[in-house]
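Novice: I have a structure I would like to understand better, so I am pasting it below and will then ask my questions one at a time.
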Amino acid sequence: MRILFIRHGDPDYVNDTLTEKGHREAALLAERAEDLNLGRCFVSPLGRARDTAAYCLKKTGYTARTLDWLEEFPARLDLNKVPQLRKAYPNSRMKDGEYVPRVVWDMAPAYWTEHEEYF
């Protein structure tokens, strides 16, 4: 089995769609997708994801199933409120003792390998 994740084109977050550049990126992606033999396709309910996928779907003739769980989730951690994760972000402490909010996927690899629940 092969799983391919495709991120949306350049986003217009205010209108939940794509910018002109994003539409060009999605069109170029569709040219590549034609040769990928995608099989089943799934898409986030967000407009920018659906707009990106539409180019590939039109080019390949596939249909996509919208999955709500693919929608963007809050990815910022406030380490001041979650002290048990501070070890995962050792360089996040500021001079005043507070911690800078971090993005979930920036977690230090050394921390991941110490916690079996992550793999």
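Residue 6 is where the sequence shown starts when you use the numbering used here, and the numbers rise one by one after that. Ideal Cβ positions, reconstructed from N, Cα and C, are used throughout, including at glycine.
Exposed or buried, TYR60, counting other C-beta atoms within 10 Å across all chains shown (16 or more means buried)?
Specialist: Label assigned to TYR60: buried.
Novice: When the Cα of CYS46 is compared with those of LEU72, PRO88, ALA32 and THR22, which residue comes out closest?
Specialist: Here the closest residue by C-alpha is LEU72.
Novice: How would you write the range of the alpha helix (DSSP H) that ALA128 sits in, first residue to last?
Specialist: Lying before the first or after the last residue shown, residue 128 is absent from the chain, which here runs from 6 to 124.
Novice: Report all residues from its chain with a CB closer than 7 Å to the CB of GLY66; omit the five preceding and five following residues, and keep chain order.
Specialist: Cβ within range, chain order: n/a, list empty.
Novice: Terminal residues of the continuous beta strand (DSSP E) containing THR71?
Specialist: Per DSSP, THR71 belongs to the beta strand (DSSP E) from 69–71.
Novice: Assign GLY7 to one of three DSSP states: helix, strand, or coil.
Specialist: Inspection of the sequence shows that residue 7 is occupied by Arg rather than by Gly. Here ARG7 sits in coil by DSSP.
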